[in-house]
Amino acid sequence: MIAEIGDIRRFANVDKLARYAGIAPIKYSSAGKGKEQSSKQGNRELHGLFYFLAVSMVTVPKTGKPNQPIFYSYYQRKISEGKTKPQALVCIMRRLVNIVYGMMKN
Numbered sequence: 014m015i016a017e018i019g020d021i022r023r024f025a026n027v028d029k030l031a032r033y034a035g036i037a038p039i040k041y042s043s044a045g046k047g048k049e050q051s052s053k054q055g056n057r058e059l060h061g062l063f064y065f066l067a068v069s070m071v072t073v074p075k076t077g078k079p080n081q082p083i084f085y086s087y088y089q090r091k092i093s094e095g096k097t098k099p100q101a102l103v104c105i106m107r108r109l110v111n112i113v114y115g116m117m118k119n
């Protein structure tokens with residue numbers, strides 16, 4: 014992950030890192046109508062790392078107790094708010110980007 018991100022100082026804020034990883038949504042608009050879609054741009058290796066990390070955060074083993082209860086409850090809350098499972102995973106990925114950026118910056 015560190016090799017893919019490189020020097021963290023090249024990102025002015027966490028939003029720039031999320032955009033670089035292809036996690037931040039892109040707005041598409043025309044004639045005053047628009048929508049946000051997931052980005053297919055960005056560093057796909059870094060995107061994959063964050064994706065697999067997010068999946069491991071919400072995985073529940075056979076014991077029935079989640080490995081990361083805080084992330085699991087956040088995931089369940091997003092699903093109950095009406096998001097699909099992939100959309101909820103993107104929310105987890107974004108939180109992980111915030112955490113990684115904070116750790117590397119400070």
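Numbering (our numbering), first residue to last: 14 to 119. Glycine is no exception: its CB is placed at the ideal position from the N, C-alpha and C atoms. Please read these numbers as outputs of a predicted model, since none were measured by experiment.
Whole-angstrom C-beta distance between Val103 and Ser51, which should lie under 8 Å: 7 Å
Coil, strand or helix - Gln50 by DSSP: strand
Ranges of the beta strand (DSSP E) found wholly within the stretch 21 to 73, counting only runs of at least 3: 39 to 43 and 46 to 50
Continuous alpha helix (DSSP H) stretch holding Met14: start and end: It is not in any alpha helix (DSSP H) - Met14 carries neither H nor E in the DSSP assignment.
Contact test: Thr72 Cβ vs the ligand MG heavy atom, cutoff 7 Å: Looking at this structure, you won't find the ligand MG or any other ligand, since it has none at all.
Candidates Met106, Thr76 and Ala31: closest to Tyr87 by CA position: Met106
Cβ pair count under 8 Å reaching 3, the stretch 111 to 118 against the stretch 15 to 25: yes
Residue range of the alpha helix (DSSP H) that includes Lys91: Pro82 to Ser93
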